[in-house]
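Protein chains in written order, with the working numbering: chain A, 1193 to 1551; chain W, 19 to 839.
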Amino acid sequence: MENQLKNLQTAALKALEGIKDEKSLKDLEVQYLGRKGKLTEILRGLKNLPDEKKPMMGQLSNKTKATLEEALAQKLTALAKGKLEKELSGEFFDTTIPGTAREIGHIHPLCQVQEEVERIFYQMGFAIADGPEVESEYYNFEGLNISKDHPARDMQDTFFIANKEHKDSSHRAGGHGRMVLRTHTSPVQVRMLEKYGAPTRVIIPGRVFRNEATDASHEHTFNQVEGLLIDKDISMGHLKGVMAEFLTRLFGKPVKVRFRPGYFPFVEPGLELDFSCLLCEGTGKKEDCPCRVCKKTGWVEFMGAGMTHEKVLEAGGVDPKKYQGWAFGFGLTRLTMMRHGITDIRLLASGDLRFSRQF
Amino acid sequence: MQISLSWLKDFVDISKNLDPKILAEELTLKTAEVEQVINEGDDFANMVTGKVVELKKHPDADKLKIATVDIGEKKPVQIVCGGANLENDMYVAITKPGSYVRWHGQGDLVEVKKIKIRGIESTGMIAASSEIGLNNPDEGPEDILNLAPEKPAPGTPMAEFLEKSDIIFEFDNKALTHRPDLWGHYGIAREVAAITNKKLKPYKPKVAIPQKGEEIKAEILDHEYCPRFCALIINNVKVEESPVWLKRRLKNTGHGTHNNIVDVTNYVMTELGHPMHAFDKSLIDGGFIIRPAKKGEILTTLDGKKRELTSEMVVVADHKNAIGLGGIMGGQSSEIKAETTSVILEAANWHPSRLRRTAAKLNIRTDAVQRFEKALDPNLAETAILKAAELILQLCPNAQIGGPMTDIKDPKRPEIFKPYPRTIELDTQKAASKIGIDISPEEMIEILEKLGFKAQGSDEYDIAVHDFQRFLKVQVPSHRATKDITIEDDLIEEIARIYGYENIPADLPSLPIRLPMDNTERFKKHRLRELLSYGLGFDEVMNYSFYSKSDFEKCLIDEEGHLKIENYLSEDQTHLRTTMSPNLLKNAQLNAHNFDNFKLYEIGHTYKEIGQYFPLEEKRVTGIIVKKGKTDSVFYEAKGVLEAIFDKFNLKHIKFTKGVKNKTYAHPIKAISAIDQNAQTIGLCFTLHPLVAKNYDLENYSIAIFSVNLTEAFKIETDFRKFTPIPKFPNIIIDISVLIDGTTEIETIQKTILDADKELIAGTMLFDIYEGEKIEKGKKAVAFSITLQAQDRTLTDEEMTTAQNKIFKNLESLGGTIRGR
């Protein structure tokens, strides 16, 4: 009898493997476990066994029954799942229809780049400062050691405000001179030093104005970023280091910088700073380095900089014998155009959504 | 400015092995930017001299010949040529394949190729002079260039044969603005010598000036304008064309040529960097007076233009008339002519900014102005005269110097005429600290002396550093002392650039950790952009700070309170904006061509005249919502933006009040202001006034504008949000719809509901307003979702019914009818 039960279980499990649908499963169940099924048949023989064997055989037959019931139930779940999956797969579903459009607007590309620039310098411990766009001749020129005769003070370069004038622009007794639209962000250098003194670490992004005719590469309104680091023992080497670090982070690949002599009245020594062409990595030799990026020199002209002139420190009330440092100013507008390959500067202020929605 | 390499070699040895491009790069990195290196010989690339060794007739063309030409290579080449003067043994110019020529001297440059002419192979071309950019007047129209007079060895490169071997460095003039010493070859040679470690040859004109004889009188009435005036008479000159070498140098450096005397003055300017002038002596009456111009005085300058002068200008005059604008341009009356036999050379020093002002006023921009405005070394005036005299004596063998040189110096400023007018103390440690690399005092002295400075250690022993050399006494030569080098930092620049900026290591400063000052306003502006663009679907634009009278008049704004641009660029950019809206409306007008619905904003400054020197400059955000068709929803959308801003930036105690002040372009009643605790307006929103919409052709659109004064708003105190415990007991939500008079405001209804049970009603939310055919005219149906909540228990049905009845009662007393009751 023990063997009968064992054989029955083996046969039933084997039969179960071949079952493909619920109906055959039901039939199998009846065949083995039904009232007239094979198991019942075997159990009929139980009464013929000696009494001492009966409990053991009873247990064994119950176990066989439970095993078969469990296997049948599992098969049933598997068949149901298989059927559902077949149904689901049979439906047509188009995954190529575009995702639901969300009403998400756009931040102006200039502001996107500006935020990135601010973030990098902020991480290096630079504060972010602001200054007025309508500025006095004193702050825009005199305070920056730009003398009255300097060509930059001609009407061709600077916008003047009508009927706004202090006779004296020397700042003694509060004289401010004529009123201008700031031609650079540099006046904020003096304002920052006046307000916070040294040491100071600050960048000043902002809008500036030049009285020049506009075309695809010239604008009367554009954005600059001014930088100022005044402390003890600050060197030109530090300027190289900070700018290389900044550009490397901004562009996401190693960037080198180099100096050339330059002249700006508010710095001495005065420098022009170039960075290594991102395409040819400063070699200028790669054939595919396009001339319009680095003119095959391997370097891209980037900004004016230099050691802050002692007169500027003095104008800001800082003792040039105790403190020294540098300043720089680069064109945020140009950087934005370079980054996105914008070929006409005038688009930036066009207000045309066909432009601004691209970024 | 154009600088000739061969001219530089007069003053400094430049190795043949030094690639001019590398020298240019060095100059760019250490002195001033060289924009271009032009090789004169480039035009004659692949051209050589040749000798015809055999000549045959072309079998199929009458006018053509087949020439076999020795061009210095192993085998002679065969060239088909139609030159009328072509003959055996002739010396000719060969343009080999790969060279560029102008066919018959006309049209664009064309590349020469190996071709077959009527079946006969031809390797290159025998050139006519006009085809290779030369001009030989003896050559007939069908002729080729005949080199018989020179008989050059076949195969000599044409560039070499023509001595077209000069290299021209083109400097960026802007890079020279602060360097008066770099406006001539000698100054550049000084830099080259310092950079390449070579000796600069001294500049010593070889000419003897007689002690006695004819001397021109000069008087200076304005020494500030003219610190020094030198003049010299030369008699027996013969005015004629300059020799080839002189003309070539002037041409190569971008100058025209006139006659030997004028050319010499230009030559000296180009060499020494100091402009000068030559007068015809016979046309000068008496002597020179440097005096202020008379008001309205007329002077005809060399360019033939009549100039009306003002009393601030200074002229060079003789005893009768003004004869020149000193340092700017000579006068026509005394110019050198073919028949001139005696000349007066003049070289003077002029006040840079006063001269610049005069030139700017008269709109004259000459080589002389360009140089004098940089503040030239007054000692160069004398040198220039001596050099010019030397050259004229060389060109005109019969010429004689009339007598002693006239030389008048400002007696009040003897120091500026010294060879070293200034001494600056240099702290070498400070210099090294600023440059960022240890450069020894000895190296600094070496660099400075290469540039013409004198430098030596001070006598004082510095105990702190045990070093005699820490402080250097540096004497500044006159060619750098006028303006350029005045302070210690100027010397540091000299040391750093010649030492080599490339040798300064990039280094991050090790500064103490100091948290940067927090510019919360800046950061909040970026967060605001994210809220508006990424949260609320607005697009950011940036407009100019300008607009025009017609722009603000379209918005019914008057001119008062505006700042006007004195020298505006165009008629539509004459005023500074006092408000952002007019430019945004222009954007709306533009974009309406392409889009039906859109939302824009701008963050920027506005500028208002407030009767003080500085205007009130405020930062604002202004946005505009544009929808095609007629709907009031734009107003509520704009209001929703304000609410979102105040909520997200956690601005406390802001309330809305009806209407907006002083906004001519706002709808009279569809407008609200947001005010802070001090009743100051922080923001506003409104529907655009229909008249203004019409002015922008936007009458078929619904337009609402919101604006927040960020300067003020971001000053408002914020604090961290306080946590409220999440209710432990369930709430009950009841929906109530009430039919009420159409003019009853929602705020009143909401307040009436809240008043019904202040304890249990936790909130009301409006979810529908209906006005229309289904209900009585003049009435509206308003539906609210009301939340009942107790903190300490689950509400019973009874409590809910009681609260609901109280609400009904209150609404009924307001004149409402509860619907569905």
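Positions of the beta carbon are idealized from the N, C-alpha and C atoms, including for glycine.
Since this is a predicted model, take the numbers as computed values, not measurements.
State yes or no: is the beta carbon of residue i nearer than 7 Å to at least one beta carbon in chain W?
i                 : result
MET1529 (chain A) : no
PRO1301 (chain A) : no
GLY1335 (chain A) : no
PRO1379 (chain A) : no
LYS1445 (chain A) : no
ARG1452 (chain A) : yes
GLU1460 (chain A) : yes
Quick check on this structure: which residue in the options has the alpha carbon closest to the alpha carbon of residue i?
i                 : options                                       : result
LYS217 (chain W)  : W:PRO439, W:GLU400, W:GLU816 and W:ASP28      : W:ASP28
GLU506 (chain W)  : W:GLY553, W:ARG547 and W:ARG440               : W:ARG440
PHE1401 (chain A) : W:LEU594, W:LEU466 and W:LYS92                : W:LEU594
ALA1265 (chain A) : A:LEU1231, A:HIS1342, A:LEU1208 and A:TYR1314 : A:LEU1208
CYS1256 (chain A) : A:VAL1434, A:SER1339, A:GLU1283 and A:THR1202 : Note that residue 1256 (chain A) corresponds to Thr in the displayed sequence, not to Cys. Per the Cα distances, A:THR1202.
GLY1454 (chain A) : W:ASP502, W:GLY59, W:PRO495 and W:VAL262      : W:ASP502
SER691 (chain W)  : W:TYR719, W:ASP715, W:TYR714 and W:VAL726     : W:VAL726
SER183 (chain W)  : W:MET560, W:ASN215, W:ARG267 and W:GLY123     : W:ARG267
ILE771 (chain W)  : W:GLU791, W:GLN822, W:ILE744 and W:ASP88      : W:GLN822
ILE751 (chain W)  : W:GLU548, W:ALA808, W:GLU558 and W:ALA207     : W:ALA808
GLN447 (chain W)  : W:ALA407, W:LEU509 and W:ASP428               : W:LEU509
PHE1522 (chain A) : A:ARG1370, A:VAL1305, A:PRO1512 and A:ALA1541 : A:VAL1305
LYS617 (chain W)  : W:GLU635, W:LYS645, W:THR596 and W:GLU636     : W:LYS645
ILE583 (chain W)  : A:PRO1324, A:ALA1263, A:GLY1237 and A:ASN1355 : A:ASN1355
GLY142 (chain W)  : W:THR174, W:LEU152, W:ILE89 and W:TYR109      : W:ILE89
ILE56 (chain W)   : W:GLU91, W:THR67, W:MET19 and W:MET65         : W:MET19
ILE453 (chain W)  : A:LYS1424, A:VAL1447 and A:GLU1295            : A:LYS1424
What first and last residue would you give for the alpha helix (DSSP H) that runs through residue i?
i                 : result
HIS623 (chain W)  : Unbroken run through HIS623 (chain W) is the beta strand (DSSP E), 616 to 626; no alpha helix (DSSP H).
ASN1332 (chain A) : 1329 to 1332
SER371 (chain W)  : 370 to 380
ASN823 (chain W)  : 815 to 831
GLU289 (chain W)  : 278 to 290
Where does residue i land, buried or exposed, given buried means 16+ other C-beta within 10 angstroms?
i                 : result
HIS1412 (chain A) : buried
VAL128 (chain W)  : exposed
VAL601 (chain W)  : Per the sequence presented here, residue 601 (chain W) reads as Asn, with Val not at that position. Label assigned to ASN601 (chain W): buried.
GLN54 (chain W)   : exposed
I'd like to know if residue i contacts chain A, where contact means its C-beta is closer than 7 Å to some C-beta of that chain.
i                : result
ILE453 (chain W) : yes
ARG540 (chain W) : yes
ARG547 (chain W) : yes
PHE179 (chain W) : no
SER371 (chain W) : yes
LEU634 (chain W) : no
Short of 7 Å in beta carbon distance, which residues of its chain neighbour residue i, apart from the five on each side in sequence? Order them along the chain.
i                 : result
ASN154 (chain W)  : SER147 and LEU163
HIS76 (chain W)   : LEU82, LYS83, ILE84, VAL98, ARG136 and ILE138
GLU242 (chain W)  : HIS369
ASP102 (chain W)  : The sequence given here places Ala at residue 102 (chain W); Asp does not occur at that position. Closer than 7 Å at the Cβ level, and outside the excluded window around ALA102 (chain W), lie GLY158, GLU160 and ASP161.
ALA207 (chain W)  : LEU26, PHE29, VAL30 and LEU218
GLY421 (chain W)  : PRO228, LYS230, GLY231, GLU232, GLU233 and ILE251
PHE1443 (chain A) : LEU1470
GLY834 (chain W)  : VAL756, LEU757 and ILE758
Excluding sequence positions up to five away, which residues of its chain have a Cβ less than 8 Å from the Cβ of residue i?
i                 : result
ASP107 (chain W)  : LYS69, VAL70 and VAL71
ARG811 (chain W)  : PHE747
ASP737 (chain W)  : ASN668 and LYS670
ILE1320 (chain A) : GLU1310, PHE1313, TYR1314, VAL1394, ILE1395, ILE1396 and PRO1397
GLU735 (chain W)  : LYS670
Taking residue i as part of the beta strand (DSSP E), name the residues at either end of that continuous run.
i                 : result
PHE1451 (chain A) : 1449 to 1453
LEU702 (chain W)  : 699 to 706
ASN215 (chain W)  : It is not in any beta strand (DSSP E) - ASN215 (chain W) carries neither H nor E in the DSSP assignment.
THR424 (chain W)  : 424 to 427
Here's a check: name, in chain order, each residue in its chain whose Cβ is nearer than 6 Å to the Cβ of residue i, leaving out the five neighbours to either side.
i                : result
THR805 (chain W) : ASN749, ILE751, ALA780 and GLY781
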